[in-house]
Amino acid sequence: MSSTEGTRFVSSGSHEALNIELNDGLRDRELDSLEELLTLIADTKREIAQLKLKGREKTAKEKEVTLGDLEKLQSLAEQVKSLKPVNIVEPGETAVPKSASNEKMPAHKNKKELYLETLREDLATMPSCAEKTTMELLLHYERELLGDPMGSQKETVSALLQKLHDQIKEQELFSNDIRISLQDVKAAVYGSNSESAVEALGELLKTFRPLHIQELKRLVEKTKEAAELIRGKEIILLIGGTAHVADNG
Numbered sequence: 001m002s003s004t005e006g007t008r009f010v011s012s013g014s015h016e017a018l019n020i021e022l023n024d025g026l027r028d029r030e031l032d033s034l035e036e037l038l039t040l041i042a043d044t045k046r047e048i049a050q051l052k053l054k055g056r057e058k059t060a061k062e063k064e065v066t067l068g069d070l071e072k073l074q075s076l077a078e079q080v081k082s083l084k085p086v087n088i089v090e091p092g093e094t095a096v097p098k099s100a101s102n103e104k105m106p107a108h109k110n111k112k113e114l115y116l117e118t119l120r121e122d123l124a125t126m127p128s129c130a131e132k133t134t135m136e137l138l139l140h141y142e143r144e145l146l147g148d149p150m151g152s153q154k155e156t157v158s159a160l161l162q163k164l165h166d167q168i169k170e171q172e173l174f175s176n177d178i179r180i181s182l183q184d185v186k187a188a189v190y191g192s193n194s195e196s197a198v199e200a201l202g203e204l205l206k207t208f209r210p211l212h213i214q215e216l217k218r219l220v221e222k223t224k225e226a227a228e229l230i231r232g233k234e235i236i237l238l239i240g241g242t243a244h245v246a247d248n249g
């Protein structure tokens, strides 16, 4: 029998993301190992059987819900065990040397640096929360794409990812959309794909804030500045092919 029979292959990033999901699930239930998970499943099954013998059907059903969650986690553990991580280049993608991609960077660098400066300003005024931590991760990867040596600290990324997961849990933000977005972030991060990480973090931010309040404030300020510039000046309005002179006094 081939040693690879029964083994499926996935990208390293996807495998790492599944590992993280498994470890997060164990930690959320205060379990230190898969052995503890299996013991808890067995104990829960015995408890359900005893509750049914005592006629406590309602409590037994509640325990069955818990058992279902535990068995899903067990299934995830088995899935991780059956998968083999490999480095995969997606169809249509080509591996581009960093030196080649960096040649295109200067044309966009000034605009990108202005964006990063705005991002830093927003971060400076925000309280600690899941949205802020997501922005800190976004800043990290944007800097990495610009070739900033400070943007390549794996310890920083790991700490921020753990902080983000804890904050989402504490703020009770775990919806299906956020869970999927967070999974995409982790897959990109552990797949060492900075561009995908930036894209995934941007999507996660959208789920946190349907309206970008800081950006709206900046647009309002620009509108006020424009109004001041034209105050008291004659403005020509072209309407339907005719010209009218308006005094904006």
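Taking UniProt numbering, I'd label the letters of the sequence shown as residues 1 to 249.
Each residue gets a CB set at the ideal place from its N, CA and C atoms; glycine is no exception.
Cutoff 6 Å; reference residue i; Cβ partners in own chain excluding five residues on either side
i           : result
residue 307 : Any property of residue 307 remains undetermined from this structure, which presents the chain solely from 1 to 249.
residue 51  : 59, 60
residue 20  : 186
residue 18  : 80
Unbroken alpha helix (DSSP H) run spanning residue i, endpoints
i          : result
residue 46 : 34-53
residue 64 : 57-82
Environment of residue i [buried if 16+ CB atoms lie within 10 Å]
i           : result
residue 204 : buried
residue 43  : exposed
residue 134 : buried
residue 104 : Residue placement at residue 104 cannot be trusted, given a pLDDT of 49 that sits under 50; what the coordinates show is reported in the next sentence. Per the 10 Å Cβ criterion, exposed.
residue 53  : exposed
residue 192 : exposed
residue 175 : exposed
residue 177 : exposed
residue 33  : exposed
residue 63  : buried
residue 114 : exposed
residue 82  : exposed
residue 124 : exposed
residue 94  : Reliability fails at residue 94, whose pLDDT of 45 lies under 50, so the model's placement of it is uncertain and the value that follows must be treated cautiously. Residue 94 comes out exposed.
7 Å Cβ shell around residue i - same chain, five flanking residues per side excluded
i           : result
residue 173 : 130
residue 206 : none
residue 208 : 130, 131, 134
Proximal residues to residue i (C-beta, below 8 Å), its chain only, five neighbours per side dropped
i           : result
residue 120 : 139
residue 22  : 73, 76, 77, 80
residue 157 : 137, 140, 189
residue 197 : 137, 141, 185, 188, 189
residue 199 : 188
residue 171 : 129, 130
residue 25  : 73, 76
residue 48  : 60, 63, 64, 67
Residue-level contact to chain D via CB, residue i, 9 Å cutoff
i           : result
residue 200 : Included in the structure is just one protein chain, with no chain D present.
Fill in: the region 21-39 touching the region 64-76, judged by at least three CB pairs closer than 8 Å
yes
Fill in: contact_flag[the region 127-137, the region 155-175] where n(CB pairs < 8 Å) is 3 or more
yes
Discussion item. Going residue by residue through the region 111-197, where are the continuous alpha helix (DSSP H) segments of at least 4 residues, counting only ones entirely within it?
Written reply: 130-145, 154-170, 176-190
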